[in-house]
Amino acid sequence: EEKPSDRNIQRIVGSALIVHSVKLPNGDYKVRLHVLGRAKIDSFVSFYPFIKARAKHIEPRAEVSVSAKDQKFIEKVKKDFSLFSEYDPAMEEHMFTAKDLYDPGSLADLICSTLPLATIELQQVLEELEPMKRLKLVAGHLSRQVDVAAVKERVNAKVQTEFEKAQQEEILREQLRLIQEELGEAIDETKDLEDLKTQLDKIQMPEAAKRDAEKQLRRLKQLHPDTSEAALARTYLDWVVDIPWSQRTED
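Last residue of the sequence shown? That's 992 in the numbering used here, and every number before it is there in order.
Below you can see the structure in the form of structure tokens.
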């Protein structure tokens with residue numbers, strides 16, 4: 742791990758006040774902060790046992806002018822953020838806060854704080870001091886996260902549908918089995934498979950074919966008889982049994 746120095750520490754940083762701190766048993770600290778804004782490091786005082794530097798607070802613009810085009814873009818970003826919040830109920834509070842923000846820089850910072858971005862991406866947002874440019878940068882990240890969330894939801898819905906379908910099929914198979922038992926039509930699957938094994942043992946077939954047949958028989962024993970996989974394995978084994986392995990023609 743690279744040691745901290747004035748060559749690898751970014752100059753634009755976040756500034757905050759320590760509101761509360763707790764020392765944990767392993768020696769680490771859990772700290773609650775009140776964020777003040779951005780700051781620029783002028784010089785470093787020391788790097789050990791912790792980094793100490795002289796920095797100046799970067800005052801946000803007291804007044805930001807936005808054009809009609811910018812205003813439309815701000816509203817679009819808010820709609821995208823509202824859409825993103827629909828995928829995560831915990832985002833609802835942030836979404837309502839965003840609706841009341843009209844400063845592009847503040848809106849960008851709020852949205853950015855909720856996105857799962859890489860450190861380098863967060864630093865890029867932190868270093869962008871021009872409000873509209875910062876919002877456009879965050880809007881790009883937001884758009885990608887909306888796409889990711891939408892894909893995850895579709896995948897989860899598909900998995901849930903397939904799971905429910907499998908459950909329903911299992912219930913129907915069990916109902917069919919119980920009905921067959923009530924009607925005295927239940928088939929002794931164990932005896933049927935033992936008979937099939939006996940037939941396979943009597944056949945003189947190549948060693949490779951014999952190993953494959955035994956593998957399919959073991960697989961068939963583990964499957965529910967009403968599944969398509971079991972039907973496929975049984976069809977294959979019946980085909981193996983029907984092949985005249987030891988018979989030859991004069992040709």
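We treat Cβ as the ideally placed atom computed from N, Cα and C, and that holds for glycine.
Report all residues from its chain with a CB closer than 7 Å to the CB of Ile784; omit the five preceding and five following residues, and keep chain order. As a working note, residue 784 is residue 43 in the sequence shown. Checking the displayed sequence, the identity of residue 784 turns out to be Ser instead of Ile. Closer than 7 Å at Cβ, skipping near neighbours: Ala794 and Arg795.
Buried versus exposed call for Phe791 [16 or more other C-beta atoms within 10 Å across all chains shown]: For the purposes of this step, residue 791 is identified with residue 50 of the sequence shown, where counting begins at 1. Counting Cβ neighbours within 10 Å, Phe791 comes out exposed, since fewer than 16 surround it.
Out of Ala780, Gly881 and Asp953, state which residue places its alpha-carbon closest to the alpha-carbon of Lys797. For the purposes of this step, residue 797 is taken as the residue at position 56 of the sequence shown. Closest by alpha carbon: Ala780.
Tell me, to the nearest whole angstrom, how far the beta carbon of Leu978 is from that of Gln957; I am working on the premise that it is less than 8 Å. As a position in the sequence shown, residue 978 is number 237, starting the count at 1. As a position in the sequence shown, residue 957 is number 216, starting the count at 1. Yes, they are in contact, since the Cβ atoms of Leu978 and Gln957 sit about 6 Å apart, within 8 Å.
Going straight from the alpha carbon of Phe825 to that of Leu876, what length do you get? By 1-based counting over the sequence shown, the position of residue 825 is 84. By 1-based counting over the sequence shown, the position of residue 876 is 135. If I take the Cα positions, the gap works out to 16 Å.
Cα separation between Val805 and Phe814? For this step, residue 805 is matched to residue 64 along the sequence shown. For this step, residue 814 is matched to residue 73 along the sequence shown. If I take the Cα positions, the gap works out to 15 Å.
Measuring CB to CB, does Leu973 end up less than 8 Å from Ala954? For this step, residue 973 is matched to residue 232 along the sequence shown. For this step, residue 954 is matched to residue 213 along the sequence shown. Result no, Cβ atoms of Leu973 and Ala954 do not sit closer than 8 Å.
Measure from the alpha carbon of Lys820 to the alpha carbon of each residue in Pro745, Val879, Ala809 and Met836, then state which is nearest. Here residue 820 refers to the residue found at position 79 when the sequence shown is read from its first residue. Nearest option by C-alpha distance: Met836.
Take Val892 as the anchor and find which of Tyr828, Ser808 and Lys764 has the nearest alpha-carbon. If you number the sequence shown from 1, residue 892 lands on position 151. Selected option, being the one with the closest Cα: Tyr828.
For Gln901, count the other beta carbons within 10 Å of its own beta carbon; 16 or more makes it buried, fewer makes it exposed. Which is it? Counting from one through the sequence shown, the residue named residue 901 turns up at place 160. Exposed is the call here.
Three-way DSSP call (helix, strand, coil) for Ala796 in this model: Here the question's residue 796 lines up with position 55 in the sequence shown. Of the three classes helix, strand and coil, the one that applies to Ala796 here is strand, per DSSP.
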